[in-house]
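**Student:** Below is one structure. I have some questions about it.
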Amino acid sequence: MEENGRGETLCKVCGDKASGKHYGVPSCDGCRGFFKRSIRRNLDYVCKENGRCIVDVSRRNQCQACRFTKCLQVNMKRDGTFYRPLRDIDSLYSQL
């Protein structure tokens, strides 16, 4: 898992601090909620920059199409809301 310098796990979509593993991927609450709304409402987004937008903490709200594409690229699963707090995930890895 990706971590910042303070040992915090980062969101695979935007790089913010992850709050847990959502839809099978360490992610922040913002990206979790965005992905949830997108799949539940079956939303279809169009990028005005031909899919070249940067999705990071400061720009994640600028292009919904690129953000949703990145959610799928990091393997967020449409069919599940698997959630586990990061402290539980870390303890699982330490047992290996």
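Each residue of the sequence shown is one higher than the one before, starting from 1 at the first, in UniProt numbering.
Idealized CB from N, CA, C, for every residue including glycine.
None of these values were measured; they are calculated from a predicted model.
(1) According to DSSP, simplified to helix, strand and coil, what is G20?
(2) Could you give the distance in angstroms between the alpha-carbon of H22 and the alpha-carbon of M76?
(3) Can you round the beta-carbon distance between K70 and V57 to whole angstroms, since I take them to be within the 8 Å contact cut?
(4) Could you have a look at S38 and say whether DSSP puts it in helix, strand or coil?
(5) Give me the Cβ distance between G13 and R52, rounded to the nearest whole Å; I'm assuming they're in contact under 8 Å.
(6) Between E49 and C28, is the Cβ-Cβ spacing less than 9 Å?
(7) Tell me the DSSP secondary structure of L72 in three-state form.
**Tutor:** According to the data block:
(1) strand
(2) 8 Å
(3) Contact flag wrong, Cβ pair sits at about 13 Å.
(4) helix
(5) Sequence inspection shows Val at residue 13; the Gly mentioned does not correspond to that position. Not really, about 17 Å apart at Cβ, beyond 8 Å.
(6) no
(7) helix
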